[in-house]
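Counted from 1, the sequence shown has number 44 at position 44 by this note's numbering; the numbering is strictly sequential.
Backbone N, C-alpha and C fix where the C-beta goes; we use that ideal spot for every residue, glycine too.
Model, not experiment: these values are computed from the prediction.
Take a look at the structure set out below.
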Amino acid sequence: MKLLPIIFFLACLPLLTYGQNGINELGARPVAMGNAYSTINDQWGLFYNPGGLGRNKKTVAFSAFTNRYGISGLNSLGAGFITNLPIGTLGISAFKFGDDLYSEQIASLAYANSFGIASLGFRANYLQYNIEGLGTQGIVTLDFGGTATLTEQIRFGAYIRNINQAQISTINDERAPTILYAGLGYQANERLNLTTEVEKDIDFDARFKAGLEYKFLEKFFARTGVSTNEFTNYFGLGFISQKLAIDYALTWDNTLGFSHQAALSYTIKE
């Protein structure tokens with residue numbers, strides 16, 4: 001009988017963990033912008049487009065926590081660290097989703113470098129699934145991405161998750177999702193930043209995402225975003241100083257309700 005709640009929970013996973021199943025998108029700034037983040041060059045590229053790390057010149061430690069729909073079993077927590085090398089940027093991260101009943105843990109190592117208008121990055125992930133009573137399964141996935149500054153205002157970004165199509169189980173040849181992302185960003189002025197992105201899982205319909213960030217005071221930012229294919233609204237606020245960044249995001253899903261995410265970043269070395 002102990003197996004019954006596990007089977008029920010797994011049956012609900014396609015609805016409740018959309019964006020999980022090995023997808024460790026994390027960071028209140030990108031979430032508040034609708035996860036349309038393929039064109040942004042900052043530390044959160046460690047959880048999104050690894051190519052976004054290539055122009056980094058800092059050493060930064062950062063973390064984030066997500067509470068989904070008030071259900072503790074759907075919470076996620078992650079942390080990352082990036083540092084500038086003589087050639088390129090190195091990043092490491094850890095991520096966990098779930099609880100004792102079902103969980104996913106991801107450890108990642110990323111490297112990126114820039115040249116000319118472009119920045120390219122690579123990420124290797126070790127993903128472990130754990131189901132109470134049924135054991136664990138571990139796989140390795142590989143991600144690759146890049147960004148390009150087309151003009152002073154326009155950016156392009158693209159990346160792919162699980163380019164190696166790692167196999168989770170031989171039963172029905174189940175594999176981790178392989179997802180392609182491509183987007184354009186527009187820096188209208190020093191206060192307004194717009195992003196768009198198309199996300200395509202090779203097994204599902206495409207999603208369109210758009211985000212906006214507005215600097216309304218010297219160190220304060222307001223953000224919003226939307227995504228289609230299960231329409232979702234995103235909102236958020238951010239505070240950024242020379243060393244410290246604090247971000248908050250609120251997500252509204254028409255079916256499941258509210259999710260909250262808080263994030264903290266600290267610049268150790270400029």
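DSSP three-state assignment for residue i, whether helix, strand or coil
i: Gly225; result: strand
i: Ser241; result: coil
i: Asn84; result: strand
i: Asp173; result: helix
i: Gln43; result: helix
i: Asn72; result: In the sequence as presented, Asn is not what sits at residue 72; that position holds Ser. The answer is helix: DSSP assigns Ser72 an H, G or I state.
i: Tyr18; result: Its pLDDT being 40, under 50, Tyr18 is placed unreliably in this model, and the coordinates cannot settle the point.
i: Leu184; result: strand
i: Arg55; result: coil
i: Ala158; result: strand
i: Ala148; result: strand
i: Ala320; result: The structure shown does not extend to residue 320, since the chain is modelled only from 1 through 270, so no value can be given for it.
i: Pro5; result: Low confidence applies here, because Pro5 scores a pLDDT of 41, under 50, leaving its location unreliable; read the following figure in that light. Three-state result, Pro5: helix.
8 Å Cβ cutoff met for residue i and residue j
i: Tyr37; j: Asn49; result: yes
i: Phe221; j: Ile240; result: yes
i: Ala210; j: Glu199; result: no
i: Arg161; j: Asp143; result: yes
i: Arg55; j: Gly238; result: no
i: Ala112; j: Gly121; result: yes
i: Leu26; j: Ser103; result: no
i: Thr228; j: Asp253; result: no
i: Tyr234; j: Ala245; result: no
i: Arg155; j: Ala166; result: no
i: Gly34; j: Gly225; result: yes
i: Leu46; j: Ile82; result: yes
i: Tyr181; j: Ala148; result: no
i: Tyr266; j: Ala61; result: yes
i: Gly80; j: Gly91; result: yes
i: Thr59; j: Ile268; result: yes
i: Ser119; j: Gly51; result: yes
i: Ala64; j: Arg223; result: no
i: Ile168; j: Gln137; result: yes
i: Leu217; j: Leu194; result: no
i: Asn164; j: Thr196; result: no
i: Gln242; j: Thr66; result: no
i: Gln105; j: Gln153; result: no
i: Gly236; j: Asp247; result: yes
i: Leu85; j: Glu132; result: no
Bridge-paired residues (DSSP) for residue i
i: Asn67; result: His260
i: Asp205; result: BP columns for Asp205 are empty, so no partner.
i: Phe115; result: Ala118
i: Leu127; result: Ile106 and Ile139
i: Leu192; result: Tyr214
i: Glu197; result: Gly183 and Lys209
i: Lys269; result: Thr59
i: Ser93; result: Gly80 and Ser108
i: Thr251; result: Tyr234 and Ser259
i: Ile246; result: Phe239 and Leu264
i: Gln98; result: The sequence as given places Gly at residue 98; Gln does not occur at that position. DSSP lists Ser103 as partners of Gly98.
- Message: Using 8 Å as the cut-off, can you tell me whether the region 69–77 makes contact with the region 127–143, which would need three or more C-beta pairs spanning the two stretches below that distance?
- Response: No: the two stretches stay apart, fewer than three of their Cβ pairs being nearer than 8 Å.
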